[in-house]
Amino acid sequence: MGVIALTEAVEQVRARDTLAVPLGPGQPVAFLHALGERADFEDLRVFAALLIDEFPLFTRPGVKLYSGFFGPVERGLARSGFDVSFIPSDFRGFAGIAGRMRPRLMATAVAPPDPDGWLSLSLHAGATVGELQRCGRDPERILIAEIQPGLPRTLGLPPDHPHALHVDDVDLIVESPRPPFTLPDDEPSETDKAIAGHALRYVHDGCTLQTGIGGVPTEIVELLADGDGGDYGIHSEMFTEGLWKLHRANKVTNRKGIHDGYSVTTFALGTSELYAWLDGNEQVRFLPVDQVNALDVIARCRDFISINAALAVDLMGQIVADAIGPRQYSGIGGHFDFSFAAPFSPGGHSLTCLPSTVTIDGKVASRINAVLPAGSVVTTPRHAADVIISEFGAAELAGKTVAERAEALIEIAHPDYRDELRRDWATRA
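Note that the working numbering has the sequence shown beginning at 4, numbered continuously upward.
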């Protein structure tokens, strides 16, 4: 099958239609931009997550965006009054949701074909792999593959997880002139460095690591890469620049007890240098999110250490990580899955990291609250909370009574708020 013009692919979308694209780096950027040049939509419903560009499509009348994970673009669209809605689900759950949605069209980014006609899904496996394959087999649906020449050809674990589509199973192939989206690591702040220092107490030789983006995981992996330890395994929803640094430092052996010999992930974001390293690299394998984030798989990994962020926590241990009050900020992702499953790994821990305070409109407030503000949405419940870390220390919650949890969390709150928290807790108790 040959490459067609973007305009021809855009013509296949009806004024009333349903379209799904993957999360973040799996998005067909050129196709979405071309689709945004149309202004005749009556009811186009687009299912996506973590948009990586400001697509004019989602500002057009008649276009509705349903997102499973908000990033800066979704937040901006929502603030500007455009039709964007959040679908509550963890990342793993979207594999089933995609099947029930059964959009008429699906479009995904792919790397250029290999000599046998296989199109690697490159930087994203996520929740859409199975539905992309079903869409390609269904004569009543349309599967669009956008070749992005700068994308790396990454690998899955065949035969069950080939991480690729064949050109014969794709209905339309288009090509993008745009370079892949890049995302450099955040520069750690002094607070991030203090939090990372406390978190390192729980990271030891031979453990399996899961990290996300942000200053804290960036600092942690920098310290690990430069340190004396090693023999680490990687089993992470996202593969980052930091995890690449561990590979470059020869700290990764992947003797995890499952998927031995491979760093396992479901999507990757970073710099063009990371993408060049991933190209054809057999050390990293991309699997569907329902495999990577499966609770039993996480628990089977050796000494699993999960490192995630949060927006707020209360003295019961309830963790808010994806919304500010009723306003959606990010997404659930794998926060609950890794928080819940990591401690079931022998020697494993779930580390939830957050600065002790936040500044909003010039006013400083504690992120550790006696009671969560009205309207707060809990991402991870108290019974799944393990270790909460701020720049003032680590509060180990597992196995503690309610009162002991409260005291441990007060001890890592900012000193300016500890007396107030004790008074509020005493009143509540």
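Just so it is clear, CB atoms sit at the ideal spot from N, CA and C, and this is done for glycine as well.
Taken through DSSP and simplified to helix, strand or coil, T221 comes out as helix. Under DSSP, S369 forms a beta bridge with T360.
In this structure, R156 sits near G283, with a CB-CB distance shorter than 8 Å. T211 and D306 do touch by the CB rule: their CB atoms are close to 6 Å apart, below 8 Å. Closest option to R181, judged by alpha-carbon separation, among T243, L9 and C138: L9. With the rule of 3 Cβ pairs closer than 8 Å, the stretch 375-387 does not count as touching the stretch 422-431. One thing to note: Q321 has its Cβ no nearer than 8 Å to the Cβ of V405. Rounded to the nearest angstrom, the gap between the Cα atoms of S359 and E410 is 15 Å. Its chain contains E57 as the residues whose beta carbon lies nearer than 8 Å to that of G79, once the 5 sequence neighbours on both sides are disregarded; these appear in chain order.
Following the DSSP letters along the chain, one finds A12 in no beta strand (DSSP E) but inside the alpha helix (DSSP H) bounded by residues L9 to V13.
V224 and G245 do touch by the CB rule: their CB atoms are close to 3 Å apart, below 8 Å.
In this structure D325 is not in contact with I310, their Cβ atoms being roughly 17 Å apart against a cut-off of 8 Å. A distance below 7 Å between beta-carbons, with the five flanking residues on each side excluded, links A101 to the following residues of its chain, in chain order: A23, A130, T131 and E134. Annotation: L424 is outside any beta strand (DSSP E); the continuous alpha helix (DSSP H) that includes it extends over P418 to R431. Separation of the CB atoms of L354 and I308 is rounded to 7 Å, and the pair is thereby assigned contact status at 8 Å. Secondary structure note for E178: its beta strand (DSSP E) is the uninterrupted segment L175 to E178.
A direct Cα-to-Cα measurement between A313 and P142 gives close to 44 Å.
Each residue's CA atom was taken as its position, placing P418 and R63 some 49 Å apart. Residues F73 and F89 of the same chain have their beta carbon placed closer than 6 Å to that of Q331, with the five preceding and five following residues left out of the count. The straight-line gap separating the alpha-carbon atoms of L160 and A167 is approximately 10 Å. Taking C-beta separations shorter than 7 Å and ignoring five residues to either side along the sequence, the partners of G260 in its chain run R303, C304 and R305, following chain order. DSSP lists no beta-bridge partner residue for L35.
Between the alpha carbons of L290 and F242 lies a distance of about 12 Å. Beta-bridge pairing by DSSP links Q213 to S309. Nearest in C-alpha terms to S393, of all of A387, H386 and I371, is I371. Cα atoms of L158 and L126: separation of roughly 10 Å, rounded to the nearest angstrom. For M319, the secondary structure class from DSSP, reduced to helix, strand or coil, is coil. In terms of Cβ geometry, I55 and G99 do not form a close pair [threshold 8 Å]. For R431, the closest of D317, A388 and P346 by C-alpha to C-alpha distance is D317.
Per DSSP, the continuous beta strand (DSSP E) segment holding D46 begins and ends at D46 to A52. Closest in C-alpha terms to D174, from the list D188, G200 and L146, comes L146.
Check the Cα spacing between L122 and each of S83, R82, D93 and D171: the tightest is with D171.
With 16 or more other Cβ atoms from the protein chains shown falling within 10 Å of its own Cβ, G71 counts as buried. When beta bridges are read from the DSSP output, K67 appears opposite R48.
Around the beta carbon of H207, a 10 Å sphere encloses fewer than 16 other beta carbons of the protein chains shown; the residue is thus reported as exposed. Straight across, the Cα-Cα distance linking W280 with P25 is about 23 Å.
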